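J.: So the sequence shown is numbered by our numbering: it starts at 119 and just counts up by one.
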Amino acid sequence: MSEQAAPHRPENYYADADWAKYAQLRPHYPAEIFFLLSSYLDQYNPAKAGARRAIDYGSGSGVIVRDLLERCGVDQVLATDLNANALEEGQRILGPELGERYSTLAGRAGHLDPKDVPDESFDLVVSAEAAHWFDQEEWIKEAHRILRPGGTLCAWFYPFPAYILDCPAAVYPLWRMWLCARCSEEAKQRRR
């Protein structure tokens, strides 16, 4: 029996989509999500004023960027997406208002160039309704690489209401492997 070839995946999904219409019609997430995230960050990942950086994977046209900046104490957001056209629309909509607080980078989650996304450069890695599209192992490895010590990895999916799970059973084995490695290294550093 011959192996079946994997389906071809273009580098720019939905390249011909109407991203202006998408940005206009995409529902926004409930304020409760951002309240929970903000409360969690304030308690477990306090950053110096003006220093909290977030990377939004699968950002599309930047649906959550403004909420991260205005509601979660984030000072800068790097929006990433495989679809360059979606990011261009986000830059058109949000760029003039947000300036240097908002930047974009086209690329595949888990495969961003370390020159563009250096090690330990973010306090928050977030994905709203997009993580299911990613190669989970590669994305988690990358999140581990780019998160600062004590950083937060956050992903959410429909349905709502929102709540925080410390370690969801569905992702526990993979996430635990990377998170425990980081915790173990941090514990070693504290003992020195």
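C-beta atoms are modelled at their ideal positions from N, C-alpha and C, and glycine is treated no differently. Note that the structure is predicted; figures quoted are calculated from it, not measured.
Taking DSSP as the reference, what is the three-state secondary structure of P267?
T.: The answer is strand: DSSP assigns P267 an E or B state.
J.: Taking contact to mean 3 or more Cβ pairs, one atom from each stretch, closer than 8 Å, check whether the segment 230 to 245 and the segment 211 to 219 are in contact.
T.: Contact between the segment 230 to 245 and the segment 211 to 219 is absent: fewer than three C-beta pairs spanning the two stretches fall below 8 Å.
J.: Under 8 Å, with one C-beta from each stretch per pair, do the segment 189 to 201 and the segment 268 to 278 reach the 3-pair mark?
T.: no
J.: Taking the continuous beta strand (DSSP E) assigned at V195, which residues delimit it?
T.: Q194 to D199
J.: Could you work out which residue in G176, F252, D160 and S179 is closest to R170 when comparing CA atoms only?
T.: D160
J.: Do the segment 218 to 230 and the segment 140 to 150 make contact, defined as three or more Cβ pairs closer than 8 Å?
T.: The answer is no - the segment 140 to 150 does not touch the segment 218 to 230, with fewer than three Cβ pairs under 8 Å.
J.: In chain order, which continuous runs of the alpha helix (DSSP H) of length 4 or greater are located wholly inside the segment 145 to 222?
T.: 149 to 162, 183 to 189 and 202 to 216
J.: Relative to the C-alpha of R263, which candidate in H250, D231 and F275 has its C-alpha closest?
T.: D231
J.: What did DSSP end up calling L230 once you bin it into helix, strand or coil?
T.: coil
J.: Measuring straight from C-alpha to C-alpha, what distance separates P148 and Y175?
T.: 19 Å
J.: DSSP three-state call for A138: helix, strand or coil?
T.: Helix.
J.: Could you please give me the residues that DSSP links to W274 through a beta bridge?
T.: Its beta-bridge partners are A246.
J.: Suppose contacts are defined by Cβ-Cβ distances below 8 Å. Is L186 in contact with A172 by that definition?
T.: yes
J.: What residues in its chain sit with their C-beta under 6 Å from that of D136, if we drop five residues either side in the sequence?
T.: none
J.: Please tell me whether P255 and H229 are closer than 8 Å, where the distance is taken between their beta carbons.
T.: Note on identity: in this sequence residue 255 is Glu, with Pro being the wrong assignment. Against a cut-off of 8 Å, the Cβ pair of H229 and E255 comes out as no contact.
J.: Given a cut-off of 8 Å on the beta-carbon distance, is the pair V183 and H146 in contact?
T.: It is not a contact, given that the beta carbons lie outside the stated cut-off.
J.: Cβ atoms of S156 and R189: under 8 Å apart, would you say?
T.: yes
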